[in-house]
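Residue numbers (the working numbering): 12 to 604.
By construction, the Cβ of each residue, glycine as well, lies at the ideal position given by its N, Cα and C atoms.
Source: prediction; values computed, not measured.
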């Protein structure tokens with residue numbers, strides 16, 4: 012059964028005639044870079060930005076051999092598990108008196124869309140075909156998003172039988188050899204339950220001590236007990252999660268920590284050539300992406316590659332395409348992504364604008380509360396009918412997954428959710444409401460609204476709005492003016508407030524908003540007379556670390572200033588790639604630190 016479930020890779024195409032393509036996983040899978048590393052698990056900014064900022068540094072470390080690269084066939088392999096991090100953890104458990112160390116608990120983290128679920132599918136497929144892990148006789152895979160509906164107390168036996176009914180009569184025999192079992196729990200960040208590994212009461216309260224497969228308890232207690240070796244000691248457990256949920260596992264008995272870096276080097280090119288059947292189109296799309304620093308840096312993430320391929324492909328397949336219209340900013344890119352869905356699926360929609368407003372409001376609430384998984388109750392709350400997600404526009408915009416326990420809905424990528432949220436706010440007729448949301452979002456310092464705000468700023472650009480207006484109606488001029496005024500006010504404020512890291516971060520963010528808006532008049536008005544730009548400091552703790560994308564944005568900002576008397580980039584950790592992005596504008600700086 013697992014072989015049948017895992018052998019096909021489904022790729023959405025947005026087209027009506029061919030909504031999805033089915034590929035053999037082995038033919039389509041592009042190897043990801045996975046590193047063994049225990050790193051900071053507290054992110055105070057948008058996780059994609061944080062990981063993008065550090066991605067090039069990790070890649071260089073990996074190339075220098077400073078980071079241990081793991082292949083999926085080695086994650087639970089004795090040659091890997093016997094040394095390095097695993098060996099150190101083993102010694103720790105012996106010192107701490109945790110008893111015999113049997114089985115392996117591994118955590119693989121990665122940002123949204125980096126390929127965690129596809130990696131799990133590849134592990135299951137390769138195990139089912141006998142290529143890897145012959146010492147595992149049974150593999151049980153669960154998605155946290157499907158388990159959210161299990162509010163009642165349940166036994167491990169029942170959990171297994173509900174998903175694998177053909178094992179009903181052999182469970183008792185299976186539990187006798189836990190060392191031959193692998194449990195996979197995919198998407199911890201999507202779990203609405205609470206798993207607190209620092210809560211010692213789990214080990215003392217009888218109703219929470221789950222040590223027997225027939226003991227009835229909360230699902231969170233089952234997961235906790237499997238990882239902590241209280242239940243079926245000797246079994247192995249793999250948990251995947253976005254970085255934002257890793258703090259839940261900080262006190263867990265995890266043997267291996269790993270992170271998916273995504274694509275590096277030629278793996279990016281390989282993805283596009285596998286995506287397009289026409290290799291000339293593949294080469295043309297990849298060439299455009301490679302020439303655009305902003306888009307190219309996004310390509311470490313497979314989901315971004317997918318969005319780029321879907322959005323840019325039509326520009327290079329039409330015979331009379333105007334290449335000058337090819338998206339160059341992230342807002343323009345996502346605008347064409349939604350445009351392509353509307354082009355193929357808006358015929359039967361009575362009011363695309365109303366529908367986008369409703370789904371966008373739900374998306375915005377999700378962004379506000381860090382929620383990426385929705386259910387039927389969420390839909391009904393925003394006057395959306397679950398039946399609308401069976402076909403057409405909404406099915407292409409939001410993925411519907413059903414299991415025996417529940418039906419859940421997710422956007423294909425967190426950033427798509429953020430873009431739809433931005434559209435809804437921009438379409439809202441009440442500009443006062445929009446400005447209230449913008450001010451509140453800009454005050455947040457945890458990064459959840461950074462991309463959302465970039466999109467709102469970007470939608471004030473006629474070039475980004477134009478593809479959508481044919482389906483959603485004109486964007487209200489008053490709203491566009493309100494966003495531009497809000498941008499002007501914030502840029503002028505932030506330029507004067509760079510004494511703290513927070514101030515520098517907000518200045519950089521506002522420059523990103525300005526970049527997405529592509530508003531030359533506004534840029535000249537706000538930056539023309541600026542004499543000092545400060546992102547650095549003599550103390551590294553008070554300086555910003557700038558990515559190549561940041562440097563592209565800073566370079567454009569400098570180019571719009573008449574003269575910069577002082578540019579402070581001390582301790583900004585600018586790599587060679589970042590310097591190259593800055594070079595075109597540095598001649599305008601009288602003093603450069």
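DSSP three-state assignment for residue i, whether helix, strand or coil
i           : result
residue 133 : helix
residue 456 : coil
residue 197 : strand
residue 186 : coil
residue 44  : strand
residue 149 : strand
residue 528 : helix
residue 154 : strand
residue 604 : coil
residue 15  : helix
residue 591 : helix
residue 110 : Bear in mind that the predicted position of residue 110 carries a pLDDT of just 36, short of 50, making it too unreliable to give a figure here.
residue 80  : strand
residue 116 : strand
residue 56  : Here residue 56 scores only 46 on pLDDT, less than 50, and its place in the model should not be relied on; the value that follows carries that caveat. The answer is coil: DSSP assigns residue 56 none of H, G, I, E or B.
residue 422 : coil
residue 280 : helix
residue 98  : Reliability fails at residue 98, whose pLDDT of 41 lies under 50, so the model's placement of it is uncertain and the value that follows must be treated cautiously. Residue state, collapsed to three classes: helix.
residue 384 : coil
residue 180 : helix
Distance between residue j and residue i (C-alpha atoms, nearest Å)
i           : j           : result
residue 275 : residue 312 : 9 Å
residue 163 : residue 170 : 12 Å
residue 549 : residue 381 : 35 Å
residue 518 : residue 449 : 15 Å
residue 588 : residue 308 : 11 Å
residue 602 : residue 578 : 6 Å
residue 541 : residue 533 : 13 Å
residue 463 : residue 556 : 21 Å
residue 336 : residue 531 : 18 Å
residue 182 : residue 203 : 28 Å
residue 122 : residue 47  : 16 Å
residue 389 : residue 403 : 19 Å
residue 176 : residue 152 : 14 Å
residue 133 : residue 172 : 24 Å
residue 564 : residue 296 : 23 Å
residue 189 : residue 145 : 14 Å
residue 590 : residue 560 : 11 Å
residue 585 : residue 553 : 15 Å
residue 354 : residue 482 : 8 Å
residue 405 : residue 425 : 16 Å
residue 397 : residue 413 : 12 Å
residue 303 : residue 40  : 25 Å
residue 160 : residue 166 : 15 Å
residue 264 : residue 364 : 50 Å
Residues near residue i in its chain [Cβ-Cβ closer than 8 Å; skip 5 each side]
i           : result
residue 598 : none
residue 222 : 236, 241, 242
residue 422 : 374, 383, 408, 409, 410, 428, 431
residue 489 : 442
residue 84  : 137, 142, 143, 144
Cβ neighbours of residue i in the same chain (closer than 6 Å, five flanking residues each side left out)
i           : result
residue 430 : 345, 466
residue 478 : 346, 347, 350
Beta-carbon proximity list for residue i, same chain, < 7 Å, skipping 5 on both sides
i           : result
residue 322 : 338, 344, 347, 348, 351
residue 111 : Because residue 111 carries a pLDDT of 38, less than 50, the predicted location of this residue cannot be relied on, and the following value inherits that uncertainty. Nothing listed; no residue qualifies.
residue 433 : 463, 466, 467, 470
residue 524 : 464, 465, 468, 498
residue 149 : 185, 191, 192
residue 566 : 592, 593, 595, 596
Classification of residue i by the beta-carbon crowding that lies within 10 angstroms, buried from 16 upward
i           : result
residue 356 : buried
residue 207 : exposed
residue 596 : buried
residue 282 : buried
residue 270 : buried
residue 266 : buried
residue 520 : buried
residue 12  : exposed
residue 461 : buried
residue 225 : exposed
residue 157 : buried
residue 545 : buried
Any non-hydrogen atom of the ligand GDP closer than 7 Å to residue i Cβ
i           : result
residue 115 : With respect to the ligand GDP, the structure offers nothing, as it holds no ligand at all.
Contact with chain D by residue i, beta-carbon distance below 8 Å
i           : result
residue 134 : Although the question refers to chain D, the structure presented lacks it and comprises just one protein chain.
(Q) Would the segment 272-292 count as touching the segment 230-238 if we require 3 or more Cβ pairs under 8 Å? (A) no
Q: Determine contact between the segment 239-259 and the segment 199-206, defined as no fewer than three beta-carbon pairs at a distance below 8 Å.
A: At 8 Å Cβ cutoff, the stretches touch.
Q) Does the pairing of the segment 366-376 with the segment 491-503 give three or more beta-carbon distances under 8 Å? A) no
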